[in-house]
Amino acid sequence: MTEYTVRTSRSDQMINITHIVREEVRKSNINDGIAIVFVPHTTAGVTINENADPDVVDDILSGLRKAFPENGGYKHIEGNSHAHIKASLMGSSCTVIIENGQLQLGTWQGIYFCEFDGPRTRRVYIKVIGN
Ligand code: ZN
Numbered sequence: 025m026t027e028y029t030v031r032t033s034r035s036d037q038m039i040n041i042t043h044i045v046r047e048e049v050r051k052s053n054i055n056d057g058i059a060i061v062f063v064p065h066t067t068a069g070v071t072i073n074e075n076a077d078p079d080v081v082d083d084i085l086s087g088l089r090k091a092f093p094e095n096g097g098y099k100h101i102e103g104n105s106h107a108h109i110k111a112s113l114m115g116s117s118c119t120v121i122i123e124n125g126q127l128q129l130g131t132w133q134g135i136y137f138c139e140f141d142g143p144r145t146r147r148v149y150i151k152v153i154g155n
């Protein structure tokens, strides 16, 4: 497993980490297998979505903000339930198939680290499995 540090600069933010995962696959010399990306946090997550138009990730963030406002009358004393909910929706891991040494992402797909309670210094674990 490799651990990466991601420093976020906003309260909510999606950061393309596809190049980091690709580099990890390259270093592994694994041709056929899977790459697992795991985020060990409760107010951050990871998802796969469009890498071409940056407006898409902005729209995802703004849609989540509207659906789960910061002052949503939640019970959690820490006051960041909006971030916990968004993190659970995006999920804490994603898996991508590796074939012929390449991540089998669609042309328009990128892997995004999702910050929902930043700015913070975060961790991402990447594990490449196969042969
Ligand atoms: Zn909390």
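All you need for the working numbering is the position in the sequence shown, starting with 1, plus 24.
Every residue gets a Cβ at the ideal spot worked out from N, C-alpha and C, and that includes glycine.
Cβ neighbour criterion (16 or more within 10 Å) applied to residue i
i    : result
G134 : buried
K110 : buried
E102 : exposed
G69  : buried
D36  : buried
R31  : exposed
A76  : exposed
I121 : exposed
CA-to-CA distance, residue j to residue i, given in whole angstroms
i    : j    : result
N55  : E48  : 12 Å
L85  : M38  : 8 Å
D141 : T26  : 24 Å
T67  : Q126 : 30 Å
Y136 : V61  : 10 Å
V81  : A91  : 15 Å
V45  : D83  : 24 Å
Nearest-angstrom beta carbon gap, residue j and residue i [assumed within contact, 8 Å]
i    : j    : result
G57  : G154 : 2 Å
H106 : P93  : 6 Å
V148 : I41  : 6 Å
I72  : C118 : 6 Å
DSSP three-state assignment for residue i, whether helix, strand or coil
i    : result
T42  : helix
A76  : coil
V63  : coil
L127 : strand
S35  : coil
R50  : helix
I153 : strand
I84  : helix
I101 : coil
S117 : strand
R89  : helix
**Prompt:** Any residues whose CB sits closer than 6 Å to a heavy atom of the ligand NAD? List them in chain order?
**Reply:** As far as ligands go, the structure on display features the ligand ZN and does not contain the ligand NAD.
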